[in-house]
Amino acid sequence: MSYAVITGASSGLGREFARALAKRGFDLGITARRVERLMELKEELTAKYHVDVAVYPCDLTDSLAMEGLIDSPLFDRPLDLFVNNAGMGHRGLFSSLSAKDVHVLLALNVTSHARLLHHVFSGMMQRKEGKIINVASVAGFGPMPWLALYGASKSFVLSLSLALAQEGRSEGVTICALCPGPVDTEFFESAGVTEFHFKKTLIAPETVVKYTLDALDKGRRVAIPRALFRMQRLVHALIPEGLLTRVTAHILKKGL
235 MSYAVITGAS SGLGREFARA LAKRGFDLGI TARRVERLME LKEELTAKYH VDVAVYPCDL
295 TDSLAMEGLI DSPLFDRPLD LFVNNAGMGH RGLFSSLSAK DVHVLLALNV TSHARLLHHV
355 FSGMMQRKEG KIINVASVAG FGPMPWLALY GASKSFVLSL SLALAQEGRS EGVTICALCP
415 GPVDTEFFES AGVTEFHFKK TLIAPETVVK YTLDALDKGR RVAIPRALFR MQRLVHALIP
475 EGLLTRVTAH ILKKGL
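Start counting at 1 in the sequence shown, then tack on 234, and there's your number in this note's numbering.
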């Protein structure tokens, strides 16, 4: 039986990855902060798909808790797939964020992401097999005024993912960076975005997950579920950075 671990599994993309993988017959290890939601998801998946689901509640912004997760039964089994999904965002001027806001976002989006990835990737390299999905974002393609720290953290995820995809290529380890645009999840509410003017671009999490798993199966290093945002990546490569940043600032200040 194949086995996958998913972070941030209590809602949004993490929950949909859990459903899709359980449907494929994967046993699962799921983690997030909200234990009630994890238990509800476990009950749903075990009843519907008859797979084993292990639950380990964890706040990944707490370094000691994260090390406890790594030492937990979730990582006792060899991993066939790791979905490195947990993340958060803050909307607004960088100067308006509190010191705690900065620390927590970096702890979750960068530190925990890299630490868990290092642990999983090292094991897969030793076994010479395994697959990883790193959840980045189109926000990682370039500077994102008014979402500056979030965008920078996702640039880190994308860059690290691409580098490790190359390192693992000849060792049987496949890595795909998921770069969705706006997804119809709780993200915008939690990021403090109360008025969102890009609703027409929202994509269903089920669609994102299906596209990403298909891309992973095909060995793609980057999954961008919508053509509009695949074009955006090309635009970022062609337009001068200064001009692109000014245009992005205008769009985000108005749209968020």
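Note that the Cβ used here is the ideal one computed from N, Cα and C, for glycine as well.
Since the structure is predicted, the reported quantities are computational estimates derived from the model, not experimental observations.
Contact test: residue i Cβ vs the ligand MN heavy atom, cutoff 8 Å
i      : result
Ala411 : Questions concerning the ligand MN fall outside what the structure shown contains, since it holds no ligand whatsoever.
Distance CB(residue i)-CB(residue j) smaller than 9 Å
i      : j      : result
Gly364 : Leu313 : yes
Leu350 : Phe390 : no
Ile506 : Ile304 : Residue 506 cannot be examined here, being either before or after the span of the chain that is shown, 235 to 490.
Leu450 : Val369 : no
Gly374 : Leu392 : yes
Whole-number beta carbon distance between residue j and residue i, since they are thought to touch under 8 Å
i      : j      : result
Pro439 : Val407 : Between Val407 and Pro439 the Cβ distance is about 26 Å, and since that is not below 8 Å, they are no contact.
Arg268 : Ser244 : 4 Å
Ala254 : Val443 : 5 Å
Phe355 : Gly402 : 7 Å
Met359 : Glu405 : 5 Å
Coil, strand or helix - residue i by DSSP
i      : result
Asn318 : strand
Ala254 : helix
His352 : helix
Ser412 : Rather than Ser, the amino acid found at residue 412 in this sequence is Leu. Leu412: strand per DSSP, three-state reduction.
Ala243 : coil
Leu472 : helix
Segment contact, 8 Å Cβ cut-off, at least three pairs: the region 455-464 with the region 255-264
no
Runs of beta strand (DSSP E) lying entirely within the region 256-301, each at least 3 residues, in chain order
261-265, 287-289
Between the region 299-316 and the region 238-257, do at least 3 Cβ pairs fall closer than 8 Å?
yes
Does the contact criterion of 3 or more C-beta pairs under 8 Å hold for the region 331-351 versus the region 380-395?
yes
Hey, which unbroken runs of the beta strand (DSSP E) at 3 residues or more fall wholly within the region 361-398?
364-369
Touch check for the region 342-354 and the region 386-403: three-plus C-beta pairs under 8 Å?
yes
Taking contact to mean at least 3 C-beta pairs separated by less than 8 Å, is the region 458-465 in contact with the region 272-290?
no
Can you list, in chain order, the stretches of the alpha helix (DSSP H) that have 4 or more residues and sit fully within the region 437-465?
439-451
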